[in-house]
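Our numbering applies: residue 1368 is where the sequence shown begins, and numbers increase by one.
Don't be surprised by glycine CBs; every beta carbon is placed ideally from N, CA and C.
Shown next, in structure tokens, is the structure this report addresses.
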Amino acid sequence: MFNDKSILITGGTGSFGKRYVKTILENYKPSRLIIYSRDELKQYEMEQTYNDTCMRYFIGDVRDKERITQACNGVDYIIHAAALKQVPAAEYNPTECIRTNINGAENVIHAAIYNKVKKVIALSTDKAASPINLYGATKLASDKLFVAANNMVGAKFPRFSVVRYGNVVGSRGSVVPFFKQLVADDVAALPITDIRMTRFWITLQQGVDLVLKSFERMYGGEIFVPKIPSINVVDLAKAIAPELPHEIIGIRPGEKLHEKMVPKDDSYRTIEFDDHYVITPSIKFADSEVDYCFNNAGEVGSKVEEGFSYDSGQNPVFLSVSEISEMHKHAEV
């Protein structure tokens, strides 16, 4: 579906954008593949590797409505990956986080509608489910904006959906490169916030594949949630540095012990498929009646039981220390 199409990725110089571009170029022949981001150095560095004739590099910020509207001219598909993602930074710089994650999302929506883009998928996070920190709250607001945007266009295009997943193995700013840097610096112990802490765990390629498949599956208005394993943070530390002891430092501002991707309060509108869940819209769209149990890829799902919750601490699938180590070997960013 991406051959001879024009695709734009906001925040495209990040970990996701690079892997997405690699995957698209290896499997499809798009007419244009546009990287939209605000850092010229990162674009220059990325261009040294990804310089296919279809590649375009646009300097711009999602906060700039005029620029993102200009960049979306002639675009068929948008992946909205741009965001301020660091939880502590968001707590200390709330206005900046709101301007990028909420106002920026609204600008992408208006740019897509103005340019009659076909489909838009916004990347979300497990922290948007029952959020306790500002980053999660802004991403929840963003999710709501993208879902509701389907009502702004009625039966016309674009269609908007959301993909929500957990921590990405080894992504920039995550705990894995942080631990590895500490090991390289010969620290005496690895800092552990809480020995009970768990997280959902997904590889970058799995995240990219989920987005690609979601473009095929979507009607518009869905929040796609993959079925992925959990890890315990202590097991992660053991996998990275089995010889090092641990120092308990306490939970940072805005952190949870366990993450959720489907809150219990959303169980009444959640559908389970073989390898993913779909949270259906909480609002009724004016233009059509959609049975989300049957997606556009021909897959069939069924509603979960009332009170269901998809929680990293209660996940039936946990990775062992050896499985975490093996996953890292095949998941370099």
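Exercise for the section: Could you tell me the distance, in whole angstroms, from the CA atom of residue 1547 to the CA atom of residue 1512? Expected result: Each residue's alpha carbon lies about 37 Å from the other.
Exercise for the section: Classify residue 1555 as helix, strand or coil using the three-state DSSP reduction. Expected result: In this structure, residue 1555 counts as coil in the three-state DSSP scheme.
Practice task
Can you grab the Cα-Cα spacing for the pair residue 1669 / residue 1611, in whole Å?
Solution key: In a straight line, the C-alpha of residue 1669 is about 46 Å away from that of residue 1611.
Handout entry: Straight-line gap, residue 1406 to residue 1448 (C-alpha atoms, nearest Å)
Key = Separation of residue 1406 and residue 1448 (C-alpha to C-alpha, rounded to the nearest whole angstrom) is 14 Å.
Practice task
Below 6 Å CB to CB, which residues in the same chain sit around residue 1599 once its five sequence neighbours on both sides are set aside?
Solution key: Counting only Cβ-Cβ distances below 6 Å, and skipping sequence neighbours, we find 1565.
Handout entry: Closest by C-alpha distance to residue 1678, when choosing among 1556, 1577, 1691 and 1494
Key = Nearest option by C-alpha distance: 1494.
Problem - Simplified DSSP state of residue 1532, which is helix, strand or coil - result: Taken through DSSP and simplified to helix, strand or coil, residue 1532 comes out as coil.
Exercise for the section: For residue 1689, count neighbouring C-beta atoms within 10 Å of its own C-beta (all shown protein chains included) and say buried if the count is 16 or more, exposed if not. Expected result: By the 10 Å Cβ count, residue 1689 comes out exposed.
Exercise for the section: For residue 1714, I'd like the list of residues in its chain whose CB is within less than 7 Å of its CB, leaving aside the five on either flank, ordered along the chain. Expected result: What is shown of the chain runs 1368 to 1700, which leaves residue 1714 out entirely.
Handout entry: Cβ distance (whole Å) where residue 1568 is taken to contact residue 1595 below 8 Å
Key = With a Cβ gap of about 6 Å, residue 1568 and residue 1595 count as contacting.
Problem - Opening and closing residue of the alpha helix (DSSP H) in which residue 1509 lies - result: Element bounds for residue 1509: 1501-1520.
Practice task
Output yes or no for whether 8 Å exceeds the beta carbon distance between residue 1411 and residue 1376.
Solution key: Taking 8 Å as the cut-off, the Cβ atoms of residue 1411 and residue 1376 do not count as close.
Handout entry: Alpha-carbon to alpha-carbon, residue 1685 and residue 1602
Key = Whole-angstrom Cα-Cα distance: 10 Å.
Exercise for the section: Please confirm whether residue 1507 and residue 1461 have their CB atoms less than 8 Å apart. Expected result: No.
Practice task
On a CA-only basis, which of 1498, 1503 and 1442 is nearest residue 1478? Give me that one, please.
Solution key: Nearest of 1498, 1503 and 1442 to residue 1478, Cα basis: 1442.
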